[in-house]
Amino acid sequence: MSAPVPLALTVNGVEVARAVAPRTTLADFLRLDLELTGTHTGCEMGACGACLVMMDGVPVHSCLVLAVQAEGAVIETVEGLSERGAIAELQQAFHQRNALQCGFCTPGVLVNAHALLEHGGVPTREDIRDALSGNYCRCTGYEAIVDAIETTARLRAGAEGQP
Amino acid sequence: MKSFTYERAASPAEAVAAAARVPDAKFIAGGTNLLDLMKLEIETPGHLIDVNGLGLDKIEPTNEGGLRIGALVRNTDLAADARVRRDYGVLSRALLAGASGQLRNKATTAGNLLQRTRCPYFYDTNMPCNKRQPGSGCAAIGGFSRQHAVLGASEACIAVHPSDMAVAMRALDATVETVKANGTTRSIAIADFHRLPGDTPDKETVLDAGELITAVTLPKPIGGTHIYRKVRDRASYAFALVSVAAIVQRDGTGNVALGGVAHKPWRMEAAEAQMPRGATAVAERLLADAKPTSDNAFKLPLVRRTLAGALAEAKG
Chain Y
1 MSAPVPLALT
11 VNGVEVARAV
21 APRTTLADFL
31 RLDLELTGTH
41 TGCEMGACGA
51 CLVMMDGVPV
61 HSCLVLAVQA
71 EGAVIETVEG
81 LSERGAIAEL
91 QQAFHQRNAL
101 QCGFCTPGVL
111 VNAHALLEHG
121 GVPTREDIRD
131 ALSGNYCRCT
141 GYEAIVDAIE
151 TTARLRAGAE
161 GQP
Chain C
164 MKSFTYERAA
174 SPAEAVAAAA
184 RVPDAKFIAG
194 GTNLLDLMKL
204 EIETPGHLID
214 VNGLGLDKIE
224 PTNEGGLRIG
234 ALVRNTDLAA
244 DARVRRDYGV
254 LSRALLAGAS
264 GQLRNKATTA
274 GNLLQRTRCP
284 YFYDTNMPCN
294 KRQPGSGCAA
304 IGGFSRQHAV
314 LGASEACIAV
324 HPSDMAVAMR
334 ALDATVETVK
344 ANGTTRSIAI
354 ADFHRLPGDT
364 PDKETVLDAG
374 ELITAVTLPK
384 PIGGTHIYRK
394 VRDRASYAFA
404 LVSVAAIVQR
414 DGTGNVALGG
424 VAHKPWRMEA
434 AEAQMPRGAT
444 AVAERLLADA
454 KPTSDNAFKL
464 PLVRRTLAGA
474 LAEAKG
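As they're listed, the protein sequences go chains Y and C.
For the record, in the first sequence the residue sitting at position 146 is 146 according to this note's numbering, with numbers rising by one throughout.
Take any residue in the second sequence, note its place counting from 1, add 163, and you have its number in this note's numbering.
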C-alpha cells in the first residue's frame, strides 16, 4: 500500500486536513473519513450519478476523482447544500411531488438539480431531462423528479419577479 | 483498485520527466475513464502523474487564424466557448452529444482523444481481448457485436473508438501537439493520431510511451454549415451506434467524418469528392470496403440514412 499523502481541502465550508492513500476516491474519503454518507456510491464508474458533489462550483462524480486530486478544492455535498438551505425548496418540492421512492439516487439528483437551477431562469422540461441524463433512478420516478425541479424553478423565478 | 504512488507535476517538462523516470506511470487529468479502468484492474499503473496543474487549460488564437485548445480544457468549457460555437459548431455539438454534463465538467480535451473503447469484452476481464491482453483472442468476433466496427477492423479486434469529439476534430483537420521527455515536440495530424487495430489493437494511438499531449490545434475556420448527428439506442447519455460530423459549403462540397463505425474516426477524402452528387454517392464510397458482422450489418443502412439526413439538414 502506497504511503498516505497529505490533503487539505474545504468541505461544506469547513477546512479539512487529512492524510489519504492515493487510491482513495473522493467519494470514499467523504463517506468513510468524514462520515458524510449522504454522497452515495452506486456504479463507481460515472454512470449512475449517485455520487455527485459540487467541486469548485460544478457537479462532478466523486467516485471518479481521487481524494488527492481535490487538494485545495472547495467541495459541497448534499449535507452542506441542505444545511445552508440552498436546496430547501427543491427538498420541499421533491417531498410534495413524491419525487423519490427508495431515495438512493436522490442526493445526486438534488446536487445536479441545484447546479442546474444555479444558472437561473426556468429550464424547459427537455433541458431538465438532459441535465439529469446522468442520474439513474431505478424506481423510475423521473416524471415526478422533473416536475419537482420545474416547480422549484418556477417558484424561484416568480419570487424574483416580485417587487 | 491496486495501490499506486502519486505526484503532481507543475509543468509539461516535469510531467514527461516523471513519466520517463517511472516505467509503469500514467498521466491523470480528468480521470473519467482512467479511474473506472483502474477499478476494474484493466489499467494498473504503479504511479500516477497528476497533470491538472500544468496550466494547459486555455483556448487561444493561433497565428494562422485558428484556435489552440489546451490539453486540459474541460469538455464543458470547450463546448461553451463562443469562438468554438461560432466557427467550429460541429465540435461544440459533438461534445454536447457525448457523456453527461457532469462527466464533461471533468473530462479534458486530451483525455477525450485517449479514452478507451467501450467494447464490453474489453471491460470483462474474464473474456479474451487482444486489446486488453495481447494474444488472448477477441471475444467480440463471433460474440455479441452489435456496437462494433464495420470498417477498418482486423482479425484481432473489431472495437470502435467511442469519442464524439474526435469525429468532429477529424472533420475539422485538427492537429495534436505533444512533448516528449527529451524535450522534442511534434504536431500529429488527427488523421494519423489514432491507429487501426491491425495485429496490435493494444496500441490505439501513435503516441510513444511517456509522450504528453499539450494541445489540439484547429485550423482557420472554413465556414459552411456544421452538423453533428448521432444515432444511439436512447436519446441521451449513450455511445454512438453511428454518428456523422459534416461541414457543408454552399457549393455542395464539404467534409464528412463518421463515428461509431471504426477503431478511429472515419473520413475518406475520395468519398467527399462525391459530395456534389449527393449523400448516396458519398455513403457508397465510404462503405465500399465495409465488412459488417451479422449483428451490426444494420449500421450500413444507418450510415446511409444518417448521412442523408445530415446533408439534407445542411441544405436547409
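Idealized CB from N, CA, C, for every residue including glycine.
Taking buried to mean at least 16 other C-beta atoms within 10 Å of its own C-beta, is V405(C) buried or exposed? Reading the second sequence from its first residue, position 242 is the one you call residue 405(C). The C-beta of V405(C) has 16 or more other C-beta atoms within 10 Å across all chains shown, which makes the residue buried.
DSSP on V466(C), reduced to helix/strand/coil? For the purposes of this step, residue 466(C) is taken as residue 303 along the second sequence, with counting starting at 1. Assignment of V466(C) by DSSP, reduced to helix, strand and coil, places it in the helix class.
So, with DSSP's three-state summary, where would you put R31(Y)? On the first sequence, residue 31(Y) is found 31 positions in, with the first residue counted as 1. Three-state DSSP puts R31(Y) in a helix.
If T338(C) sits next to T380(C), beta carbons under 8 Å apart, how far is it from one beta carbon to the other, in whole angstroms? If you number the second sequence from 1, residue 338(C) lands on position 175. If you number the second sequence from 1, residue 380(C) lands on position 217. Contact between T338(C) and T380(C) holds, with the beta-carbon distance rounding to 5 Å and staying under 8 Å.
Who are the Cβ neighbours of P163(Y) in its own chain at under 8 Å, not counting the five residues just before and after it? Within the first sequence, residue 163(Y) is the residue found at index 163, counting from 1. Per-residue confidence for P163(Y) stands at a pLDDT of 47, beneath the threshold of 50, marking its modelled position as unreliable; the derived number appears in the next sentence. Same-chain partners within the cutoff: there are none.
DSSP on P175(C), reduced to helix/strand/coil? Within the second sequence, residue 175(C) is the residue found at index 12, counting from 1. Residue state, collapsed to three classes: helix.
How should A88(Y) be labelled, buried or exposed, when 16 other C-beta atoms within 10 angstroms of its C-beta is the threshold for buried? Translated into the one-based positions of the first sequence, residue 88(Y) becomes position 88. That one is exposed.
Quick test of the definition: if touching needs 3 or more C-beta pairs under 8 Å, does the region 22-35 of chain Y touch the region 231-238 of chain C? They do not touch, by the three-pair rule.
I'd like to confirm the pairing. Which residues does DSSP put opposite G233(C) in its beta bridges? As a working note, residue 233(C) is residue 70 in the second sequence. The partner list for G233(C) (beta bridge, DSSP) reads A378(C).
Compute the Euclidean distance between the alpha carbons of I351(C) and I376(C), then round it to the nearest angstrom. Taking the first residue of the second sequence as position 1, residue 351(C) is located at position 188. Taking the first residue of the second sequence as position 1, residue 376(C) is located at position 213. If I take the Cα positions, the gap works out to 10 Å.
Counted within 10 angstroms of its Cβ, other Cβ atoms place Q96(Y) as buried (16 or more) or exposed: Position 96 of the first sequence, counted from the first residue, corresponds to residue 96(Y). Per the 10 Å Cβ criterion, exposed.
With burial defined as no fewer than 16 other Cβ atoms inside 10 Å of the residue's Cβ, what is the status of T416(C): buried or exposed? Start at 1 with the first residue of the second sequence, and residue 416(C) comes out as number 253. Exposed, by the Cβ-count rule.
Proximal chain C residues relative to R97(Y), where beta-carbon distance stays under 9 Å: By 1-based counting over the first sequence, the position of residue 97(Y) is 97. In chain order: nothing, as chain C lies at least about 22 Å away.
Can you list the residues of chain C that P61(Y) reaches, using a CB-CB cut of under 8 Å? Here residue 61(Y) is taken as the residue at index 61 of the first sequence, counted from 1. One detail in the question is off: residue 61(Y) reads as His in this sequence, not Pro. Near H61(Y) (Cβ distances below 8 Å), the residues of chain C are T195, Q265, L266, K269.
In terms of residue numbering, what span does the alpha helix (DSSP H) encompassing S82(Y) cover? Position 82 of the first sequence, counted from the first residue, corresponds to residue 82(Y). First-last of the alpha helix (DSSP H) with S82(Y): 78-83.
If you measure between the beta carbons of L193(C) and T271(C), is that distance less than 8 Å? Sequence index remark: in the second sequence, residue 193(C) carries index 30 (1-based). Sequence index remark: in the second sequence, residue 271(C) carries index 108 (1-based). The identity of residue 193(C) in the sequence shown is Gly, whereas the question assumes Leu. Yes; because the gap between Cβ atoms is below 8 Å, this pair is in contact.
Between L52(Y) and chain D, is there a C-beta pair that is closer than 8 Å? Looking at the structure shown, chain D is missing, and the protein chains on hand are Y and C.
Within 8 Å, strictly: CB atoms of V253(C) and H357(C): Locating residue 253(C) in the second sequence gives position 90, where the first residue counts as 1. Locating residue 357(C) in the second sequence gives position 194, where the first residue counts as 1. H357(C) is positioned such that its CB atom lies no closer than 8 Å to that of V253(C).
Going along chain C, which residues have a C-beta under 8 Å from G134(Y)? Along the first sequence, read from residue 1 onward, the residue named residue 134(Y) stands at position 134. For G134(Y), the neighbours in chain C by C-beta distance under 8 Å run, in chain order, A262, S263, G264, Q265, L266, Y400.
Just to confirm, is the Cβ distance from H324(C) to P428(C) under 8 Å? Counting from one through the second sequence, the residue named residue 324(C) turns up at place 161. Counting from one through the second sequence, the residue named residue 428(C) turns up at place 265. For H324(C) and P428(C), yes; Cβs fall inside 8 Å.
How would you write the range of the alpha helix (DSSP H) that M332(C) sits in, first residue to last? For this step, residue 332(C) is matched to residue 169 along the second sequence. Annotation: the continuous alpha helix (DSSP H) that includes M332(C) extends over 328-334.
Anything in the region 17-51 of chain Y with a Cβ closer than 8 Å to a Cβ of chain C? List those residues in chain order, please. Residues of the region 17-51 of chain Y with a C-beta atom less than 8 Å from some C-beta of chain C are A21, P22, R23, T25, E44, M45, G46, G49, listed in chain order.
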